[in-house]
Amino acid sequence: MADKSNVNYKNRKWYHHTFQSIVVFVKENMGILIGFLVLCILLSVLSPVFLSKANILNVLRQVATNLYIACAMTMVIILGGIDLSVGSIIALSGVVTGGMIAFDGYSMPVAVICGLIVGTFVGVFNGLVVSKTTIPPFIVTLATMNIARGAAYVYTGGQPIRVMSDEFNFIGAGYLGEIPMPIIYLVVIIIVSILIMNKSKLGRHIYAVGGNRQAAVFAGIRIQRVLFFAYFFSGLMASIAGIVLASRMFSGQPTAGQGAEMDAIAAVVLGGTSMSGGLGKIGGTIIGALVIGVLSNGLNLLGINSFWQYIVKGVVILIAVYVDFIKKNRNA
Amino acid sequence: MSRTSLLTMKGIKKSFPGVQALKNVDLEVRSGEVHALLGENGAGKSTLIKILGGIYSLDEGEIQIGGQAADIRDVHDSQAFGVSVIHQELVLVPEMTVAENIYLGREPMKAGAVDQTRMKAEASKLLDAFELDIDPATAVGRLTIAQQQMVEIVRALSFHSRILVMDEPTSSLSDKEVEFLFGIIRKLKESGVGIIYISHRMSELFAVSDRVTVLRDGEYIGTRITADTSTDELVSMMVGRKLDNYYVRTYNEKSDVILEVRNLGDGKYLRNINFNLYKGEILGFAGLVGAGRSELMKCLFGLDPIVHGEIVIDGAAVQIKSPEQAMKLGISLVPEDRKKEALFLVQSVRFNTTIKALGQFIKGIFVNREKESQISDRYVHLMSIKAASPYQAVVNLSGGNQQKVVIGRWLATEPRILILDEPTRGVDVGAKAEIYGIMNDLASQGVAIIMISSELPEIINMSDRVNVMCGGTITGTLDKNELDQEHIMHLAISHNE
Chain A
394 MADKSNVNYK NRKWYHHTFQ SIVVFVKENM GILIGFLVLC ILLSVLSPVF LSKANILNVL
454 RQVATNLYIA CAMTMVIILG GIDLSVGSII ALSGVVTGGM IAFDGYSMPV AVICGLIVGT
514 FVGVFNGLVV SKTTIPPFIV TLATMNIARG AAYVYTGGQP IRVMSDEFNF IGAGYLGEIP
574 MPIIYLVVII IVSILIMNKS KLGRHIYAVG GNRQAAVFAG IRIQRVLFFA YFFSGLMASI
634 AGIVLASRMF SGQPTAGQGA EMDAIAAVVL GGTSMSGGLG KIGGTIIGAL VIGVLSNGLN
694 LLGINSFWQY IVKGVVILIA VYVDFIKKNR NA
Chain B
279 MSRTSLLTMK GIKKSFPGVQ ALKNVDLEVR SGEVHALLGE NGAGKSTLIK ILGGIYSLDE
339 GEIQIGGQAA DIRDVHDSQA FGVSVIHQEL VLVPEMTVAE NIYLGREPMK AGAVDQTRMK
399 AEASKLLDAF ELDIDPATAV GRLTIAQQQM VEIVRALSFH SRILVMDEPT SSLSDKEVEF
459 LFGIIRKLKE SGVGIIYISH RMSELFAVSD RVTVLRDGEY IGTRITADTS TDELVSMMVG
519 RKLDNYYVRT YNEKSDVILE VRNLGDGKYL RNINFNLYKG EILGFAGLVG AGRSELMKCL
579 FGLDPIVHGE IVIDGAAVQI KSPEQAMKLG ISLVPEDRKK EALFLVQSVR FNTTIKALGQ
639 FIKGIFVNRE KESQISDRYV HLMSIKAASP YQAVVNLSGG NQQKVVIGRW LATEPRILIL
699 DEPTRGVDVG AKAEIYGIMN DLASQGVAII MISSELPEII NMSDRVNVMC GGTITGTLDK
759 NELDQEHIMH LAISHNE
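Protein chains in written order, with my numbering: chain A, 394 to 725; chain B, 279 to 775.
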């Protein structure tokens, strides 16, 4: 013991820790990483377009909105919860932003901020109910999923709202240099999420509350705040995704984001986060989302119709989770 | 009483990848005997029992039951040889009735359906044989823990077992229930059943067992006749060295009052509670289960609301409404049930020891890893926590080491008032002695310690003073020179008479 506990930390640079974390991360996620690499190699052989810059940026842009949500969903699931309302929040924030520009003639920044506020409000509501009551998050967010979707339909009368504004369009379809804007937001969101989970007290509290809620209470952790934050953050991320998607489609659509919650959950689960809470990493979720993104891109490139893609996606999730299950049982 | 050898296990060896769990263990149980199996956590007791119960197969060695070589390959074989194991965790189905549980998996059948009438009648017969006042048609979930334990025993015996293994059967029973269990054990002895009894509670071993076999690090150390041995001898056999001072205590001069509790009540159960706590003392809280001790501590730690009375710390009245406030005032609570209330089992030793000291090394998003390691290593070292690395998940540690992790976590907050609720429950002897040593050191440094314990020897040997509780209030305070078991028990039951 002594030899280990007396390591001289003075001689260690910060990057030792980072390097060590990466090694551990690769070890823990070996299965999905290998799967991802095999998938990429296979696709680059089968399709000459796959590795082109245009296609890679395209994949990343598609993955981006899913990952905004999935980063927050990782926190929610580590807390032992679930957020089903994110798909509907996408629609709601998109139509509110679009409507304020197209119907009411507000300027783009005001409309975007209002869209964010309305969407995030749903998350705040989820957070309040989940943290102050013992109603299961599944039920709470199932209800708000329906309410937010309904609100989006009521607001638009069921019709898409066309938005003819270059300014607005830039948010989702613009470029900074050669990089699409959604990817820029993605980088920021990933950094923020990783900082929260790996560096802040809040992150440790999330793992603690998710791992053993009662112990967290005894440890003096304010679990209500921790729960509230996760659902608030989830609402905010979904709102951002909604505005980006609306901007890319030149319109706020009440049908946008249908099934988006399931894609986010799939990414989180593929990334090795435990549905029973307490364990998981943002890094895993990123890989999970990339696998899903690359998979659908590859199937598109190979000309496989989108109906089959659902089946393939489902099978991949089953295999990945099964491999994980085998691995855990062997360790036990 | 016949004294024929019922079970002989000879030269048992068993390895797992990386560890030799049993290195040559012998055990002999006679019919009509209670044979205690003693050893620290990890000594090999459970491995030996699992081999006997058919869960593990042995690498080398032989087992004889009733003079016949017994080749036990699985649980079925084990049952066929008349072995029943009652595990530490109850394995009953709470929604099913007592009768259904007793006959689970071998229900009497009639015309292709379960014969409910016969099952109930048979179960009734078994329950009556032990004078148990339990209706076989009640759902098990509605019974008390003690009654459930009895059902478990009846179920084990319904296999017509000749050898009954009890793994920590009293860990969730009250004293009265323990007495009842001992009564049943005596009856079983008379009928010639051989019982292997595992417990950490020395007083029980002396009360109930005929012989004791001690294991240490997977090795057979020796067998003693209980009547001819002593706690000291058994403890030194278990730990391999003589623990001269099992209870370490240097009493300090009485100094300032740090905490005063005045007329405290929670409006429900606790009432009229008054006591002072001095710096550098260990104040014991004794009482029966349900006396209100844990409830009182939850109030002091801000987990439950205080309705009446006041708390004075350092001469100033304070309000404690949350654990956070309590911690700011320098109060820490090590809860009773470490798995439920304290540990983050899937997380590492480091995570668990530092979770309350995050403020010392995280500023915003800047984590001082060096400081983090220092804090965690300091308490791992101080508490002598035996873990493969700071990154090991606490779920893989022994009970004693888990408890040390929890105590270490609270020490990292540098408390002035440390409340320990059953600090040594389910902890092996070596770790117990270490925990006592740490408590003594802390008291010497001026930390005021409140210790709830249901183990009277622990209360008597570690406390400066003892408050005895009964029925939600303090029924008496005893000074260390007035401490003896009768005195304490008298106060602990004073309201029930």
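Quick reminder that beta carbons are idealized off the backbone N, C-alpha and C, glycines included.
Given the structure is predicted, the values throughout are model-derived calculations rather than measurements.
As assigned by DSSP and simplified to three states, the class of Y461(A): Residue numbering aside, residue 461(A) sits at position 68 when the first sequence is read from its first letter. Of the three classes helix, strand and coil, the one that applies to Y461(A) here is helix, per DSSP.
Helix, strand or coil at G635(A) [DSSP, three-state]: The sequence position of residue 635(A) within the first sequence is 242, counting from 1. G635(A) falls in the helix class under three-state DSSP.
Simplified DSSP assignment, three categories, for S572(B): Taking the first residue of the second sequence as 1, we reach residue 572(B) at position 294. Helix at S572(B).
Test: K599(B) CB closer than 8 Å to a CB of chain A: In the second sequence, the residue the question calls residue 599(B) occupies position 321. K599(B) does not count as touching chain A.
Cα-Cα separation between R351(B) and E338(B), rounded to whole angstroms: Taking the first residue of the second sequence as position 1, residue 351(B) is located at position 73. Taking the first residue of the second sequence as position 1, residue 338(B) is located at position 60. If I take the Cα positions, the gap works out to 13 Å.
Within chain A, partners of M605(B) - CB distance below 8 Å: Walking along the second sequence from the start, residue 605(B) turns up at place 327. Going along chain A in sequence order, the residues near M605(B) (Cβ under 8 Å) are G613.
Cross-chain neighbours of K446(A) in chain B, by beta carbon under 9 Å: Reading the first sequence from its first residue, position 53 is the one you call residue 446(A). Per Cβ cutoff of 9 Å: no residues; K446(A) is ~33 Å from chain B at best.
Identity of the residue in S533(B), A424(B), L574(B), Y547(B) nearest I560(B) by Cα: Residue mapping note: residue 560(B) aligns to position 282 of the second sequence, counting from 1. Nearest option by C-alpha distance: S533(B).
Partners in chain A for P613(B), counting only beta-carbon separations shorter than 7 Å: Reading the second sequence from its first residue, position 335 is the one you call residue 613(B). Chain A residues near P613(B): F611.
Own chain residues within Cβ distance below 6 Å of W688(B), not counting five before or after: The count along the second sequence starts at 1 and reaches residue 688(B) at position 410. Cβ neighbours of W688(B) beyond the five flanking positions: S610, V612.
Contacting residues, own chain, Cβ-Cβ under 8 Å from I643(B) (five flanking each side not counted): By 1-based counting over the second sequence, the position of residue 643(B) is 365. Closer than 8 Å at Cβ, skipping near neighbours: no residue.
Neighbourhood of N379(B) by C-beta, 8 Å cutoff - its chain only, sequence neighbours within 5 removed: In the second sequence, counting from the first residue as 1, residue 379(B) sits at position 101. The residues are L370, V371, V418, V429, R433.
Cα-Cα separation, S524(A) to F514(A): Taking the first sequence and counting its residues from 1, one reaches residue 524(A) at position 131. Taking the first sequence and counting its residues from 1, one reaches residue 514(A) at position 121. Spanning the two alpha carbons is a distance of roughly 15 Å.
Interface positions of the region 581-599 of chain A facing chain B (Cβ-Cβ less than 7 Å), listed along the chain: L588, K592, S593, K594, R597
Length at least 3, wholly inside the region 654-715 of chain B: the beta strand (DSSP E) runs in chain order: 695-699
Residue nearest to V658(B) in terms of C-alpha spacing, selected from N646(B), H768(B), L675(B): Position 380 of the second sequence, counting from 1, holds the residue named residue 658(B). Closest by alpha carbon: L675(B).
Span separating the alpha-carbon of N630(B) from that of I663(B): Walking along the second sequence from the start, residue 630(B) turns up at place 352. Walking along the second sequence from the start, residue 663(B) turns up at place 385. Taking the straight line joining both Cα atoms gives about 12 Å.
Continuous beta strand (DSSP E) stretch holding M729(B): start and end: Start at 1 with the first residue of the second sequence, and residue 729(B) comes out as number 451. 726-730 is the extent of the beta strand (DSSP E) around M729(B).
Run of the beta strand (DSSP E) containing S362(B), from where it starts to where it stops: As a position in the second sequence, residue 362(B) is number 84, starting the count at 1. Its beta strand (DSSP E) spans residues 361-364.
Sequence ranges, beta strand (DSSP E) only - wholly within the region 292-338 of chain B, length at least 3: 297-308, 312-316
Paired residues, beta bridge with A682(A) - DSSP: Position 289 of the first sequence, counted from the start, is the residue given in the question as residue 682(A). Beta-bridge pairing links A682(A) to no other residue.
Beta bridge counterpart(s) of D342(B) as assigned by DSSP: In the second sequence, residue 342(B) corresponds to position 64, counting from 1. Here residue 342(B) turns out to be Gln, not Asp, going by the sequence shown. Looking at the DSSP assignment, Q342(B) forms a beta bridge with T286(B), A347(B).
Exposed unless 16 or more other CB atoms sit within 10 angstroms - verdict on I582(A): Along the first sequence, read from residue 1 onward, the residue named residue 582(A) stands at position 189. When all chains shown are included, I582(A) counts as buried.
Coarse secondary structure for P573(A), derived from DSSP in three states: Walking along the first sequence from the start, residue 573(A) turns up at place 180. Strand, per DSSP.
Proximity test, Cβ basis, 8 Å: N539(A) and chain B: By 1-based counting over the first sequence, the position of residue 539(A) is 146. It does not; no Cβ of chain B falls within 8 Å.
DSSP-derived helix/strand/coil call for S414(A): What you label residue 414(A) is simply residue 21 of the first sequence in a count that begins at 1. Three-state result, S414(A): helix.
Listed by chain order, chain B residues near A601(A) by CB distance under 7 Å: Against the first sequence, residue 601(A) aligns to sequence position 208. What A601(A) touches in chain B: F622, I633.
Cβ distance (whole Å) where K467(B) is taken to contact G310(B) below 8 Å: Here residue 467(B) is taken as the residue at index 189 of the second sequence, counted from 1. Here residue 310(B) is taken as the residue at index 32 of the second sequence, counted from 1. That belief holds up - the Cβ atoms of K467(B) and G310(B) are roughly 5 Å apart, short of 8 Å.
As assigned by DSSP and simplified to three states, the class of N767(A): This structure gives no information on residue 767(A), because the portion of chain A shown stretches from 394 to 725.
Chain A contact for I685(B) (CB, 8 Å cutoff): One-based indexing of the second sequence puts residue 685(B) at position 407. Chain A, which has no Cβ nearer than 8 Å to the Cβ of I685(B), makes this no.
Near-chain A residues of the region 637-661 of chain B (beta-carbon distance less than 8 Å), N- to C-terminal order: G637, I640, G642, I643, F644, V645, R647, E648, S651, Q652, D655, V658, H659
Residue-chain proximity (G473(A), chain B), Cβ-Cβ < 8 Å: As a first step, residue 473(A) must be located in the first sequence, where it is residue number 80. Chain B, which has no Cβ nearer than 8 Å to the Cβ of G473(A), makes this no.
Three-state class that DSSP yields for H586(B) in the structure shown: The residue given as residue 586(B) occupies position 308 in the second sequence. If DSSP states are grouped into helix, strand and coil, H586(B) belongs with the strands.
8 Å Cβ cutoff, K265(B) in contact with chain A: This structure cannot settle anything about residue 265(B), because the visible part of chain B is limited to 279 through 775.
Amino acids of chain B, ordered along the chain, whose beta-carbon sits closer than 9 Å to that of G671(A): Here residue 671(A) refers to the residue found at position 278 when the first sequence is read from its first residue. Those within 9 Å of G671(A) in chain B are F622, L623, V624, Q625.
With 16 other Cβ atoms within 10 Å as the buried cut-off, status of G562(B): Locating residue 562(B) in the second sequence gives position 284, counting from the first residue. Label assigned to G562(B): buried.
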